[in-house]
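See below for the structure under consideration.
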Amino acid sequence: AMPGLSAYLLDRLSSMFSRTRLRFAQLAPLAPGVQIIRAELDADEFPGCASLEPGTRWLYLKIPDISNHEWHPYSIALLEGKMVLHIKDEGSWSHRLLAIAKHSEGVNVLVDGPYGRTAKDRPCSE
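Add 450 to the 1-based position in the sequence shown for the numbering used here, that's all there is to it.
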């Protein structure tokens, strides 16, 4: 268990230093009265994302305006050159994000990823 934990912690620490570039995410409530936020990032800033299998794409998102230490994982959908995330208002972090979305068109974010399985990784039996 210790070697696995050590590898995980090393990976997390090394990725902390590679995710320092701020990106702008457009925000909007999904629909009036719905407590879900639609966040969009320009997919051109993440050239490897399109090669990932649908259903396996995810990223970690941090919003410094909300928290300097919280990273949250989200699934990604690609739509019209955008990486789209749907974020449900479930806790204090997402509740603050919903408040930002109601009063602003977007927010600066830090992104770790995207991650997922590439088409060449798919086993032949699928």
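Glycine is no exception: its CB is placed at the ideal position from the N, C-alpha and C atoms. In this text the structure is predicted, and so the values were computed from the model without any measurement.
Simplified DSSP state of residue i, which is helix, strand or coil
i: His553; result: helix
i: Gly454; result: helix
For residue j and residue i, the rounded distance between their alpha carbons
i: Ser501; j: Ala457; result: 26 Å
i: Leu480; j: Arg488; result: 5 Å
i: Tyr565; j: Ser517; result: 22 Å
i: Tyr510; j: His553; result: 24 Å
i: Val561; j: Glu495; result: 11 Å
Residue j beta carbon less than 8 Å from that of residue i
i: Val534; j: Glu490; result: yes
i: Trp508; j: Gly563; result: yes
i: Lys532; j: Ala493; result: yes
i: Val559; j: Ile513; result: yes
i: Gln485; j: Lys570; result: no
- Query: Enumerated in chain order, which unbroken segments of the beta strand (DSSP E) with a length of 3 residues or greater are wholly contained in the region 457-513?
  - Reply: You should have 473-479, 486-492 and 508-512.
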